[in-house]
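Below: one structure, written as structure tokens.
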Amino acid sequence: MSYYKVDNLEQYFKHYNKSIREPRKFWGKIAEENFTWYQPWDKVVEFDMTEADVQWFAGAKLNVTKNCIDRHLNKRGEKTAIIFEPNNPDEEALHITYNELHQRVCKMANVLREQGVKKGDRVCIYLPMIPELAVAILACARIGAIHSVVFAGFSSKALATRIIDSESKMVITSDGGFRGSKTIELKEIVDEALQKCPSVSTVLVVKRTNTAVNMKEGRDIWLQPLLDEASDNSVAEIMDAEDPLFILYTSGSTGNPKGMVHTTAGYMVFTAYTFKNVFSYEENDVHWCTADIGWITGHSYILYGPLLNGATTVIFEGVPSYPDHSRFWQVIEKHKVSQFYTAPTAIRALAKEKLEYVQKYQLNSLKVIGSVGEPINEEAWHWFNDHVGNKKCPVVDTWWQTETGGIMISPLAFITPTKPTYATFPLPGIQAVLMDDKRNEIEGNQVVGSLCIKFPWPGMARTIWNDHQRYKDTYFSQYPGKYFTGDGALRDEVGYYRITGRVDDVIIVSGHNLGTAPIEDAINEHPAVAESAVVGFPHDVKGNALYGYVILKETGEIRNKENLFIEINQHITDHVGPIAKLDKIQFVSGLPKTRSGKIMRRILRKIAEGNFTDYGDTSTLLNPEIIEEIQNEKK
Ligand code: 6R9
Numbered sequence: 001m002s003y004y005k006v007d008n009l010e011q012y013f014k015h016y017n018k019s020i021r022e023p024r025k026f027w028g029k030i031a032e033e034n035f036t037w038y039q040p041w042d043k044v045v046e047f048d049m050t051e052a053d054v055q056w057f058a059g060a061k062l063n064v065t066k067n068c069i070d071r072h073l074n075k076r077g078e079k080t081a082i083i084f085e086p087n088n089p090d091e092e093a094l095h096i097t098y099n100e101l102h103q104r105v106c107k108m109a110n111v112l113r114e115q116g117v118k119k120g121d122r123v124c125i126y127l128p129m130i131p132e133l134a135v136a137i138l139a140c141a142r143i144g145a146i147h148s149v150v151f152a153g154f155s156s157k158a159l160a161t162r163i164i165d166s167e168s169k170m171v172i173t174s175d176g177g178f179r180g181s182k183t184i185e186l187k188e189i190v191d192e193a194l195q196k197c198p199s200v201s202t203v204l205v206v207k208r209t210n211t212a213v214n215m216k217e218g219r220d221i222w223l224q225p226l227l228d229e230a231s232d233n234s235v236a237e238i239m240d241a242e243d244p245l246f247i248l249y250t251s252g253s254t255g256n257p258k259g260m261v262h263t264t265a266g267y268m269v270f271t272a273y274t275f276k277n278v279f280s281y282e283e284n285d286v287h288w289c290t291a292d293i294g295w296i297t298g299h300s301y302i303l304y305g306p307l308l309n310g311a312t313t314v315i316f317e318g319v320p321s322y323p324d325h326s327r328f329w330q331v332i333e334k335h336k337v338s339q340f341y342t343a344p345t346a347i348r349a350l351a352k353e354k355l356e357y358v359q360k361y362q363l364n365s366l367k368v369i370g371s372v373g374e375p376i377n378e379e380a381w382h383w384f385n386d387h388v389g390n391k392k393c394p395v396v397d398t399w400w401q402t403e404t405g406g407i408m409i410s411p412l413a414f415i416t417p418t419k420p421t422y423a424t425f426p427l428p429g430i431q432a433v434l435m436d437d438k439r440n441e442i443e444g445n446q447v448v449g450s451l452c453i454k455f456p457w458p459g460m461a462r463t464i465w466n467d468h469q470r471y472k473d474t475y476f477s478q479y480p481g482k483y484f485t486g487d488g489a490l491r492d493e494v495g496y497y498r499i500t501g502r503v504d505d506v507i508i509v510s511g512h513n514l515g516t517a518p519i520e521d522a523i524n525e526h527p528a529v530a531e532s533a534v535v536g537f538p539h540d541v542k543g544n545a546l547y548g549y550v551i552l553k554e555t556g557e558i559r560n561k562e563n564l565f566i567e568i569n570q571h572i573t574d575h576v577g578p579i580a581k582l583d584k585i586q587f588v589s590g591l592p593k594t595r596s597g598k599i600m601r602r603i604l605r606k607i608a609e610g611n612f613t614d615y616g617d618t619s620t621l622l623n624p625e626i627i628e629e630i631q632n633e634k635k
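Residue numbers (the numbering used here): 1 to 635.
Here it is, written out as structure tokens:
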């Protein structure tokens, strides 16, 4: 029996049970049957979850680009690997075949080698969403350099911190980037960052916007002339299974961002397997994940997962609102997208706009639609299901993290019956458990607890770059022997999981544990509400009380705020219970969000407490200006 793809619900349970009873056989068979190896492993997995020491497929030799590209060339050489959809819809889209991708990656790999990059060196990639970004990443993987992609919307300070921490010796960037109606001067940001980064000796510059830039003698080089000269034949480096493939930074609420390290074989096996199953990928499907490649979602489900399956993947340079709010739907029609994978924050933003934007376009190429990044509230789920999926496409609400490398809990499209706001079942191979305050595993269903994973999986991060102690402390110390996700969840009567939010954000009111997601979900059900965020603040009697920040829909209708407050609390009482009613409400025009769309609740908590200092690391904020506005209007 092949374990790579689940075909029906009955088989899901079979695979799941097998994966728990015999995890080594389960993953070993998947790895053996679906990838190309230079040499097989000695042991499928070895681990010590107390020391946070995990190895998958140790002893094996491989190169991940052989698996992403070379092995497809015979059968799929002329198939489109990447569709590049530019920011400006009038600029022609680019179709890059597997043959062309192979050529481009080989040339780039040769350029990197000529510039002195060696196996194990770190290369920082700070590029907009253009094909060169994918090519640069894969070229690093080809020669065994460790890529560290930094989202090209981050400030010079955030970029410098990441270059310094990873000790990158090279930066790959562009003159600028197009984003909607704006042009971002990327090279200038790099120049500023590099004033603080002595480790960087070379900067390769892609020409994208034709902006005039400073080229520092002896350090900065235009990429294209080097590529023109380079050979398109490049031998892939033979890598060990546990050699690092990349570093990707994820920001903690305090301290420096954490450089999560993913390694070669396990990450490859896990992203390929999860992509195939969750999206029910079939040959000739066109996959579009709207995330930026600078996030783990882009790494795993724009690049590695799809390419490992020989799929066609879309790279979109622009934003959902440019030239207007129909851009996503237009792109789906234009490229006949089969799987569309996006984030609740984008869905909510587009659902606020007129329905004609989505109704104007033919979305019938869609088979599966997916969501990731935050809990998706019920209203957004239904809007997505009704208007984008036309009630025919399963909505896969996928729960996972930068640290997990790939999707952990999610419906499998066409197999797991979906349920709004529920990520449903863990994938076969993922041993999810809920833990109580006394660190005991909670058995049975209809329970609530802290979400942990009690057995390693191939895609898990192996360490934090240069700080294994922090890795151990953050993820493996609260519940000895288990990986702690930091999220709270409930398990319903059939065993479906619903993620209720970060446990740090859980609010204890009069002794009751309340997750933020279900309360916000209830608030958002009110017809006047577009979005909301709930935090706790100290209260003499209850210990904590609830403070709600609410964005109203722009309907032009003037509403009495006192009445709205009462109505919103009634919604909470109906959906969650009177215990979760808000003590205070503040109507705001926006919420502080990270660039990947997550609400920074710790800032809102500070404001609710009336403590307007020590906001911690705010370098990843999309809209820092909103903080002052919310502060000033605080009651
Ligand atoms: C992939 C990604 C991880 C955190 C995670 C959780 C939240 C992600 C979710 C979800 C509810 C989902 N999260 N997907 N919460 N439902 N489907 O987003 O990685 O940026 O590291 O964030 O995002 O809180 O712990 P990352």
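The beta-carbon is built from N, C-alpha and C at its ideal position, and this holds for glycine as well.
- Under the three-state reduction of DSSP, F279 is assigned to coil, being neither helix nor strand.
- Secondary structure at K14: helix, using DSSP grouped into helix, strand and coil.
- For F26, the secondary structure class from DSSP, reduced to helix, strand or coil, is helix.
- A residue is called buried when at least 16 other Cβ atoms come within 10 angstroms of its Cβ; K216 does not meet this threshold and is exposed.
- Positions of the beta strand (DSSP E) runs, each at least 3 residues long and wholly inside the stretch 531–567, are given as 543–552 in order along the chain.
- If you ignore the 5 residues before and after L451, its C-beta comes within less than 6 Å of the C-beta of T485, D487 and A489, all in its own chain and listed in chain order.
- Contact between T97 and G77 holds, since their C-beta atoms are separated by about 7 Å, short of 8 Å.
- Here S596 has W295 and G373 as same chain residues with Cβ atoms under 7 Å from its own Cβ, once five neighbours each way along the sequence are excluded.
- Nearest to K169 by alpha-carbon distance, out of L194, Q339 and I579, is L194.
- Going by DSSP, H387 is part of no alpha helix (DSSP H) at all; its letter is neither H nor E.
- Sixteen is the threshold: since fewer than 16 other Cβ atoms of the shown chains lie within 10 Å of the Cβ of M1, the residue is exposed.
- Assignment of G180 by DSSP, reduced to helix, strand and coil, places it in the coil class.
- In the DSSP annotation of this structure, V200 is not part of any alpha helix (DSSP H), being labelled neither H nor E.
- Residue nearest to K157 within the set K196, T80, A346 and Y3 is K196 (criterion: CA-CA distance).
- In this structure, the C-beta of P428 stays at least 7 Å away from each heavy atom of ligand 1.
- Contact holds between the stretch 134–151 and the stretch 289–303, because three or more Cβ pairs, one in each stretch, are under 8 Å apart.
- For Q401, the distance from the CB to the nearest heavy atom of ligand 1 is below 7 Å.
- If the five residues before and after P344 are omitted, its C-beta is found closer than 8 Å to the C-beta atoms of S371, G373, E374, P375, I376, N377, A380 and G597, all from its own chain and listed in chain order.
- R559 and V588 have their C-alpha atoms roughly 14 Å apart.
- Inter-residue distance for K118 and A145 is about 6 Å (C-alpha atoms, whole angstroms).
- Judged by DSSP in its simplified three-state form, V372 adopts coil rather than helix or strand.
- In terms of Cα proximity to L127, the closest of V261, K207, F275 and K14 is K207.
- Under the three-state reduction of DSSP, Q586 is assigned to strand.
- For T485, the shortest separation between its Cβ and any heavy atom of ligand 1 lies below 7 Å.
- Cβ atoms of K29 and Y3 come within 8 Å of each other, at about 5 Å.
- In this structure, I247 and I172 do not form a Cβ contact; the two beta carbons are roughly 15 Å apart against a cut-off of 8 Å.
- If you draw a 10 Å sphere on the C-beta of N445, you find fewer than 16 other C-beta atoms in it, and that means exposed.
- Excluding residues up to 5 positions away in sequence, Q115 and M170 lie with their Cβ nearer than 6 Å to the Cβ of T202 in the same chain.
- Annotated three-state conformation of R208 is coil, per DSSP.
- In the DSSP annotation of this structure, the continuous segment of the alpha helix (DSSP H) that includes K472 starts and ends at H468 to Y475.
- Excluding sequence positions up to five before and after Y496, its CB lies within less than 7 Å of the CB of K419, Y422, T424 and F425, all in the same chain and listed in chain order.
- Taking 8 Å as the cut-off, the beta carbon of L434 is found no closer than this to the beta carbon of S410.
- Rounded to whole angstroms, the separation of the alpha carbons of K391 and A60 is 45 Å.
- Secondary structure note for S174: its beta strand (DSSP E) is the uninterrupted segment M170 to S174.
- The nearest non-hydrogen atom of ligand 1 is less than 7 Å from the C-beta of D397.
- In this structure, C140 sits away from L186, with a CB-CB distance that is not shorter than 8 Å.
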